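In my numbering, the protein residues as written are 923 to 1397.
Glycine is no exception: its CB is placed at the ideal position from the N, C-alpha and C atoms.
Keep in mind that this is a model prediction, so the values were computed, not measured.
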């Protein structure tokens, strides 16, 4: 027995050897490639579906429920993230890797086979559970399997995993839809996460085999409150599309109460008041993502329905925003390196730039007389503002958070981002359901997100003084 242990120890890779080889060292290479490509598949699916969704809704008769094509995935991913995170804490990430990959692939397959809009929305929800699990295990596996000195490097790679899909996904999905069929987009993505299991699973099993906290239940209080939040939000969004007034009021009241109760138990204390510090940072994340992703969801639909462009050209607008977001992020990185105490101001400036670009894009999309190319220009400007404000507000929020609460704040930021996308897309979908894909509907959508951006300009000021406050709490 001792000889076996000696041989095992002698053949093992030491932490210093792993760090010397970086995230692509022999021990980590498979996990690194698998995680990055899995997250890249999620990013490609996200931007690709946003591009082809107008074609899907037209063929499947889903224009009245257009927003559900996005909201269903986002709401389900809230639950998927919390369930997978709870299971990872209890048993390690191995099961989340397998289940998340299989569920995501199955959701893509069923979406491509959907005979009608209802089945398509259900398949999108299934994808959402898988997306939540994939994102949960990706970040958890980095924390568990990678040495501390390599974790920051890997997180940077994770951020870059969204860049190429964000640039190529919309155009590639548009070309596939134009040349072949929108269903091919889903069938192309479906097998990717399953094919990556041999790369990701060995590393996940290694860390899962160690001592874990196995007590407690998988479906704990946070999980049930996340379900309550998703169900309540879904009821509100569905109620907005109902014609019968009594049923509408019942769904709105019950759904709003359930969503507020669930949200209060899942976000940091003080979030509802945008209290200075991390709670204000969570609110800023909600507003930023509501403005950006809520507007982005209707950019392709407006360009195809108002201006008659095909989905490939509409996808160029999304790619322009993604590229500009990356540029804005680098700009903010340079600003932050020179003046780290100006993060609140950078957030406010970025929010104003986002607002200006969003207004230009919204006018170009909604008004038939305006050249649609201005929509691409406007969305590029909005992307620069988003890159500046997103990075500055995230850094400010992290600096305001005690080390002991870093995990919960990260989860709250992700939840705020997902919820904002689901809610604003759902509200916009309700406007399209009532008014059709017309100029009044798009003016209502983009006017609402512009008003939300103005609120964000004020809330960004609540980020001031966070570093000092965080230091006081650590003491």
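Residue i burial status per 10 Å Cβ neighbour count (16 or more: buried)
i: residue 946; result: exposed
i: residue 1241; result: buried
i: residue 1095; result: buried
i: residue 1201; result: buried
i: residue 1009; result: buried
i: residue 1162; result: buried
i: residue 948; result: exposed
i: residue 1368; result: buried
i: residue 1291; result: exposed
i: residue 1355; result: buried
i: residue 1378; result: buried
i: residue 1191; result: exposed
i: residue 1117; result: exposed
i: residue 1263; result: exposed
Supposed close pair residue i, residue j - CB separation, criterion 8 Å
i: residue 1204; j: residue 1221; result: Not a contact, Cβ separation roughly 26 Å.
i: residue 1128; j: residue 1067; result: 7 Å
i: residue 1309; j: residue 1250; result: 2 Å
First through last residue of the alpha helix (DSSP H) which encompasses residue i
i: residue 1104; result: 1104 to 1111
i: residue 961; result: 951 to 982
i: residue 1217; result: 1200 to 1218
i: residue 1371; result: 1361 to 1382
i: residue 1026; result: 1016 to 1035
i: residue 1186; result: 1167 to 1186
i: residue 1268; result: 1265 to 1288
i: residue 894; result: Since the first and last residues shown for the chain are 923 and 1397, residue 894 lies out of range.
i: residue 1222; result: 1221 to 1227
i: residue 1117; result: 1114 to 1117
CB contact flag (residue i, residue j, <7 Å)
i: residue 1288; j: residue 1226; result: no
i: residue 1038; j: residue 982; result: yes
i: residue 997; j: residue 1156; result: yes
i: residue 1277; j: residue 1375; result: yes
i: residue 1151; j: residue 1199; result: no
i: residue 1126; j: residue 1019; result: yes
i: residue 1233; j: residue 1371; result: no
i: residue 1212; j: residue 989; result: no
i: residue 1382; j: residue 1269; result: yes
i: residue 1239; j: residue 1091; result: no
i: residue 1154; j: residue 1364; result: no
i: residue 1311; j: residue 1210; result: yes
i: residue 1084; j: residue 965; result: yes
i: residue 1207; j: residue 1338; result: yes
i: residue 1015; j: residue 1063; result: yes
i: residue 1300; j: residue 1274; result: no
i: residue 1025; j: residue 1052; result: yes
i: residue 977; j: residue 1104; result: yes
i: residue 1297; j: residue 1314; result: no
Check: residue i C-beta below 6 Å from any heavy atom of the ligand PLP
i: residue 1168; result: No copy of the ligand PLP appears in this structure; indeed no ligand is present at all.
Min CB distance residue i to chain C below 7 Å
i: residue 1010; result: Absent here is chain C; the protein component of the structure consists of one chain.
| field | At least three beta-carbon pairs within less than 8 Å, the stretch 995 to 1002 to the stretch 1104 to 1122 | value | no
| query | How about the stretch 1171 to 1185 and the stretch 1289 to 1308: do they share at least three Cβ pairs that are nearer than 8 Å? | reply | no
| query | Are the stretch 1208 to 1217 and the stretch 1340 to 1349 touching, with three or more C-beta to C-beta distances below 8 Å? | reply | yes
| query | Is it a yes or a no for the stretch 1021 to 1036 touching the stretch 1094 to 1114, going by three-plus beta-carbon pairs under 8 Å? | reply | yes
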